[in-house]
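Visitor:
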Amino acid sequence: MSFITTIIIARDFGPKEYGDYAFLLGTFIGVMSLLDLGTSSAFQTFVSQKERGKMFLLSYAGWQLLQVLLALSFIGIIIPDTWFDKIWLGHEKKLVLLVLVAVFMQQSVWKTMVQIGESKRLTHRIQLTNLSIAIVHLLLVIGFWIGGFLSIQLIFGLIFVEYLLFVAIAYKVLFISKLKSEVFDFRLTLKEYIRYCSPFILYSIVSFSYEFADRWLLQN
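Take 190 as the starting number for the sequence shown in the numbering used here and just add one per residue.
Pasting the structure below:
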């Protein structure tokens, strides 16, 4: 279904607009990977080892929130406009920030829900939910395509709203709301993350630099 959706989008956009769409999507997938620094792999390992409580999950959710807030602050406020225009090739800041939060929901928040579901042996529910997302997205894209309303901004807006809704659904379906509170040692948890993620930091930076530069040069 994702393949069909991609074909419809590519056909409607044309080479230039689809190139812009792929550039924005690809660069922010790279940004999320850089900010992650391997912590998502650590999280999956830790939740798979034993059942974790609400505080453990909330601490990781807080870390993810910090990631996106740092990115929003840097791109939206700190970075000079001249740098912004050169990096994102003249795209409007509102669009770039929309892409950021949409990719964050898709690549970070939803990935976390999938990891929690798999750790609870609820893979079938995750697969059903993923299928539902793909169907909903395809139907919406077809509807807006027929109506002649497709645009880069609309596509990323749909992605953000879809994953926001399905995260709320998964919160109930995966029984996350029923998790119990536990004795939580923040310092010990932080040390475990640092120990696990240290080898991935340099790799994340190098991988992001290569991926971003490759897409930027192709689009430029």
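Where is the CB? At the ideal position from N, CA and C, for every residue including glycine.
At what residues does the alpha helix (DSSP H) containing D403 begin and finish?
Guide: D403 -> alpha helix (DSSP H) spans F375 to Q408.
Visitor: When we look at the beta-carbon of S229 and count the other beta-carbons within 10 Å, is it buried (16 or more) or exposed?
Guide: Buried, since its Cβ has 16 or more Cβ neighbours within 10 Å.
Visitor: Taking 6 Å as the limit between beta carbons, can you name the residues of its chain near L286, skipping five residues before and five after?
Guide: G265.
Visitor: Which stretch, first to last residue, makes up the alpha helix (DSSP H) that contains E240?
Guide: It is not in any alpha helix (DSSP H) - E240 carries neither H nor E in the DSSP assignment.
Visitor: Does the pairing of the segment 211 to 218 with the segment 373 to 393 give three or more beta-carbon distances under 8 Å?
Guide: The segment 211 to 218 vs the segment 373 to 393: no contact.
Visitor: Just the Cα atoms here: how many angstroms apart are G337 and L223?
Guide: Each residue's Cα considered, the two are about 36 Å apart.
Visitor: Looking at the structure shown, is V292 part of a helix, part of a strand, or coil, going by DSSP?
Guide: Residue state, collapsed to three classes: helix.
Visitor: Excluding the 5 residues preceding and the 5 following N409 in the sequence, name in chain order all residues of the same chain whose CB lies nearer than 8 Å to its CB.
Guide: Only L278 meet the Cβ criterion.
Visitor: With distances taken between CB atoms, is the gap from L363 to L311 smaller than 7 Å?
Guide: Cβ distance < 7 Å, so L363 and L311 count as in contact.
Visitor: Output the residue ranges of the alpha helix (DSSP H) runs that lie fully inside the segment 254 to 329 and measure 4 residues or longer, sorted by chain position.
Guide: As far as the segment 254 to 329 is concerned, its whole alpha helix (DSSP H) runs of at least 4 residues are 270 to 276, 282 to 292 and 299 to 308.
Visitor: On the CB-based measure, 16 or more other CB atoms within 10 Å of its CB, does D374 come out buried or exposed?
Guide: D374 comes out exposed.
Visitor: If I follow the unbroken alpha helix (DSSP H) through E206, where does it start and stop?
Guide: Note, E206: alpha helix (DSSP H), S191 to D225.
Visitor: Would you call Y392 buried or exposed, if buried means 16 or more other Cβ atoms sit within 10 Å of its Cβ?
Guide: Exposed, by the Cβ-count rule.
Visitor: Out of curiosity, what's the CA-to-CA distance linking K367 and P269?
Guide: Roughly 45 Å separates the two Cα atoms.
Visitor: Is there contact here, the segment 286 to 305 with the segment 342 to 361, by at least three beta-carbon pairs under 8 Å?
Guide: As far as the Cβ criterion goes, the segment 286 to 305 touches the segment 342 to 361, which means the pair count is three or higher.
Visitor: Quick check on the DSSP output: the alpha helix (DSSP H) that includes E351 runs from which residue to which?
Guide: From DSSP, the alpha helix (DSSP H) with E351 extends over I341 to V362.
Visitor: Identify, in the order they occur along the chain, each residue of the same chain with its Cβ nearer than 7 Å to the Cβ of E206, setting aside the five sequence neighbours on each side.
Guide: Within the same chain, E206 has close Cβ partners I341.
Visitor: Which value, in whole angstroms, describes the spacing of the CA atoms of A231 and M221?
Guide: Their backbone Cα atoms lie some 15 Å apart in a straight line.
Visitor: In angstroms, rounded to a whole number, what distance separates the CA positions of H280 and A250?
Guide: Their backbone Cα atoms lie some 30 Å apart in a straight line.
Visitor: Taking G203 as the reference, give the member of V395, D403 and L339 with the closest Cα.
Guide: The shortest C-alpha separation from G203 is found at L339.
Visitor: Excluding sequence positions up to five away, which residues of its chain have a Cβ less than 6 Å from the Cβ of R404?
Guide: F212, G215 and T216.
Visitor: S398: which of V303, I276 and Q238 sits nearest, CA to CA?
Guide: The option with the nearest alpha carbon to S398 is I276.
Visitor: With distances taken Cα to Cα, identify the nearest neighbour of E371 among Q304, R314, E307 and L246.
Guide: E371 has its Cα closest to that of L246, out of Q304, R314, E307 and L246.
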